[in-house]
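Read through the structure below, which is laid out as structure tokens, and then see the notes.
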Amino acid sequence: MSHPTHTPPDSSRLVRAADGSLWRTAGQTSSGEQLYVLDGVDIDTCPMWVRERETLLTDLTGGPLTPVADGGAAA
Numbered sequence: 687m688s689h690p691t692h693t694p695p696d697s698s699r700l701v702r703a704a705d706g707s708l709w710r711t712a713g714q715t716s717s718g719e720q721l722y723v724l725d726g727v728d729i730d731t732c733p734m735w736v737r738e739r740e741t742l743l744t745d746l747t748g749g750p751l752t753p754v755a756d757g758g759a760a761a
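The numbering of the sequence shown is this note's numbering, which starts it at 687 and goes up by one.
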């Protein structure tokens, strides 16, 4: 099951997963799929293999990713 966020690629966009966890966009795969890291992870030093693909993240967390105001982890 896929739940795309339909947000433009942006290395600092904050989203909330269906389970309440916060994630930041962190680049894209070679095929263009958005990658994410947990909010608070340093994107500049986080290896690509640690980043999560959007389709798997939405499947694991139970639903779509929702963009949130970029004010940090408070929401």
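Glycine included, every Cβ here is placed at the ideal spot set by N, Cα and C.
Just so you know, these numbers come straight off a predicted model, no measurement behind them.
Taking only three categories from DSSP, how would you classify residue 708?
Counted from its first residue, the sequence shown places residue 708 at position 22. DSSP places residue 708 in strand when its eight states are reduced to three.
Go to residue 700, then tell me how far its beta strand (DSSP E) extends in each direction, as first and last residue.
The residue you call residue 700 lines up with position 14 of the sequence shown. Taken as a continuous stretch (DSSP letters only), the beta strand (DSSP E) holding residue 700 covers 700-702.
From residue 747 to residue 700, what distance separates their C-alpha atoms?
If you number the sequence shown from 1, residue 747 lands on position 61. If you number the sequence shown from 1, residue 700 lands on position 14. Using only the alpha carbons, I get a separation of about 16 angstroms.
Determine which residues share a DSSP beta bridge with residue 753 and list them.
Along the sequence shown, read from residue 1 onward, the residue named residue 753 stands at position 67. 701.
Just the C-alpha distance for residue 753 and residue 702, rounded to the nearest angstrom, thanks.
Start at 1 with the first residue of the sequence shown, and residue 753 comes out as number 67. Start at 1 with the first residue of the sequence shown, and residue 702 comes out as number 16. Distance between the alpha carbons of residue 753 and residue 702: 6 angstroms.
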